[in-house]
Amino acid sequence: MQPQVWIEEIGRHDGETALVRGWVYHLRTMKKLAFVVLRDGTGLLQVVAVKGEIDDELFERVCDLTQESCVEITGTVREDRRAPGGYEMQLQSLKVIGESHDYPITPKEHGTTFLMDHRHLWLRSRKQHALMKLRHTVVAAIRDFLDREGFTLVDAPIFTPSACEGTSTLFETDYFGDKAYLTQSGQLYMEAAAAAFGKAYCFGPTFRAEKSKTRRHLTEFWMVEPEVAFADLDDIMELEERFVSSIVERVLEERRDLLENVLERDISRLEAVQAPFPRLSYDEAVKKLNDGGFAFEWGGDFGAADETFLSEEYDRPLFVHRYPAEVKAFYMERDPQDARLSLSVDLLAPEGYGEIIGGGQRSADLDYLLEQIERHQLPQEAFQWYLDLRRYGTFPHGGFGLGLERMVTYLAGIAHLREAIPFPRQIHRLAP
RNA sequence: UCCUCGGUAGCUCAAUGGUAGAGCAUGCGGCUGUUAACCGCAGGGUUGUAGGUUCGAGUCCUACCCGGGGAGCCA
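In my numbering, the protein residues as written are 1 to 432.
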């Protein structure tokens with residue numbers, strides 16, 4: 001039997017007879033001519049059937065095809081400017097592998113709710129396909145960068161005995177009669193990993209039971225969390241900017257065509273993302289907000305509008321560092337210059353995409369952490385293993401967490417986070 | 001939890017308080033280079049639910065249900 005050719009490689013078979021398999025993406029028929037656009041996951045190929053050149057029964061079967069039916073087609077390949085993709089196939093034989101009737105996603109507009117209800121089918125569409133390819137490349141870029149930098153992947157558990165950061169936004173589940181929670185960060189485990197491997201990271205799904213209904217939130221999202229022994233705040237910022245700019249560079253290299261032609265992204269906005277990134281202290285940011293007419297009070301965390309205003313004047317991501325300790329997690333190191341502040345840093349994406357990274361330097365001091373755990377009213381028993389890291393050779397260290405979907409959303413320039421993940425989980429969406 | 005908008009054909013949407021409609025999809029017919037093809041015909045409805053006002057309610061009122069967008073919180 002003739003081997004199957006993937007459409008992305010069809011150009012290598014110019015002038016030959018080839019066999020392709022895929023799904024009917026579009027169909028246009030006339031009395032003596034029919035065009036079938038075939039989709040196989042790697043590309044689109046226009047197949048032409050001409051009545052008279054093939055027998056009438058075969059031509060009838062081509063005309064009777066329906067959207068998204070799965071077929072096997074053989075035909076001769078030839079270059080043709082009129083065909084999308086530059087190559088066209090002259091049909092010789094057709095075999096239907098799986099029929100499709102009344103495919104729900106028609107070639108006209110649909111609402112997001114309807115499309116999300118059919119997410120399992122929507123993924124076949126051009127734009128969604130492009131977004132998943134982009135996501136794939138971002139994941140590969142993340143792993144390759146950390147690998148090159150000497151990081152070891154140390155997977156953090158998904159079932160956890162308590163909150164990493166003590167908020168009340170955990171999904172609770174039964175664990176053989178005990179309570180367990182779905183992880184909202186692998187952070188604390190990475191601190192243990194940093195003491196074992198020096199440079200470590202985890203990359204997996206995390207869960208937040210926040211009842212958020214915004215374009216920037218999912219209840220299940222993917223986060224990459226590197227942690228580095230002996231790193232201070234400046235080291236972390238330097239690592240973050242190299243990390244982010246290398247991801248952008250990789251995406252521009254491998255997905256430029258999809259970004260430009262399918263996602264219609266303004267490429268120049270991504271080309272501007274080069275290290276070093278601008279740095280603003282929290283104090284300076286508050287002053288900027290006040291000067292800009294925002295009634296923002298020192299001590300709070302920034303809202304979406306504040307973040308947009310701050311990042312607006314820069315063409316690349318913006319670091320805001322040294323937030324008040326009150327608004328950050330209990331394990332953040334205090335600023336030795338000002339006890340009200342923490343050695344924390346957020347990275348804000350341009351164009352109003354907001355926070356894509358949160359991180360900073362962790363406290364190495366056992367007494368301080370004990371005090372913080374009490375202050376945040378966290379159950380000390382649950383943190384004994386974590387405190388051991390300070391009892392047995394404590395060390396300065398820092399790290400950060402990058403939200404994968406926020407990064408993909410920003411790179412793709414799309415309006416909503418939910419299209420940056422194959423099957424989004426949101427407050428009102430658990431299916432498909 | 002709060003603010004705001006919405007729920008009418010399979011989908012996207014129309015419809016001064018007065019016979020519920022269009023485009024797409026589907027079925028049938030036409031067309032030899034289509035690019036979300038085009039042209040003609042046809043079928044398709046308990047207007048989210050319950051009550052109320054009215055001669056008459058998709059439209060006005062009340063309650064409830066469901067969802068979109070945003071806020072807070074965060075990545």
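Positions of the beta carbon are idealized from the N, C-alpha and C atoms, including for glycine.
Alpha carbon of residue i to alpha carbon of residue j, nearest angstrom
i, j, result
"ALA193", "ALA295", "42 Å"
"GLY358", "PHE400", "6 Å"
"LEU378", "SER185", "16 Å"
"ALA195", "LEU153", "14 Å"
"ALA18", "ILE414", "37 Å"
"VAL251", "LEU134", "7 Å"
"GLU313", "LEU289", "12 Å"
"GLY43", "THR66", "19 Å"
"LEU270", "LEU94", "44 Å"
"ARG429", "GLN90", "44 Å"
"TYR103", "THR206", "34 Å"
"GLU172", "ARG81", "58 Å"
"GLN274", "SER246", "9 Å"
"SER268", "LEU387", "47 Å"
"ASP178", "THR160", "11 Å"
Nearest to residue i (by Cα), restricted to the options the options
i, options, result
"MET190", "LEU182, TYR201, THR183 and TYR181", "TYR201"
"ASN261", "ALA415, ARG126 and SER69", "ARG126"
"GLY86", "ARG119, GLU9, ASP40 and PRO107", "GLU9"
"ARG418", "PRO84, GLU227 and SER212", "SER212"
"PHE423", "ASP174, GLU405 and LEU411", "GLU405"
"GLU355", "PHE319, ALA364 and ILE7", "PHE319"
"GLU326", "LYS32, SER344, PHE207 and SER311", "SER344"
"GLY433", "GLU284, PHE309, GLU79 and TYR392", "This structure cannot settle anything about residue 433, because the visible part of the chain is limited to 1 through 432."
"ASP64", "GLU88, GLY52 and GLU99", "GLU99"
"PHE203", "THR29, GLN187 and PHE114", "GLN187"
"ILE421", "ARG39, GLU88 and HIS129", "HIS129"
Residue environment, residue i, which counts as buried when at least 16 other CB atoms sit within 10 Å
i, result
"ASP266", "exposed"
"ARG255", "buried"
"PHE230", "exposed"
"GLU227", "buried"
"TRP385", "exposed"
"LYS31", "exposed"
"TYR353", "buried"
Reduced DSSP secondary structure (H/G/I, E/B, other) of residue i
i, result
"ALA173", "Rather than Ala, the amino acid found at residue 173 in this sequence is Thr. In this structure, THR173 counts as strand in the three-state DSSP scheme."
"TRP23", "strand"
"MET407", "helix"
"LYS211", "coil"
"GLN184", "coil"
"VAL224", "strand"
"SER363", "coil"
"LYS31", "coil"
"LEU289", "helix"
"SER69", "coil"
"VAL244", "helix"
"LEU263", "coil"
Whether residue i touches residue j by CB criterion (7 Å)
i, j, result
"PRO324", "ARG340", "yes"
"VAL444", "VAL47", "Residue 444 lies beyond the range of the chain shown here (1 to 432); nothing can be said about it."
"ALA412", "LEU123", "no"
"THR169", "GLU210", "yes"
"ILE97", "GLU72", "yes"
"PHE243", "PHE145", "yes"
"VAL224", "ILE158", "no"
"GLN426", "LEU233", "no"
"GLU238", "PHE277", "no"
"PHE309", "GLY292", "yes"
"ARG316", "TYR282", "no"
"GLY398", "GLN372", "no"
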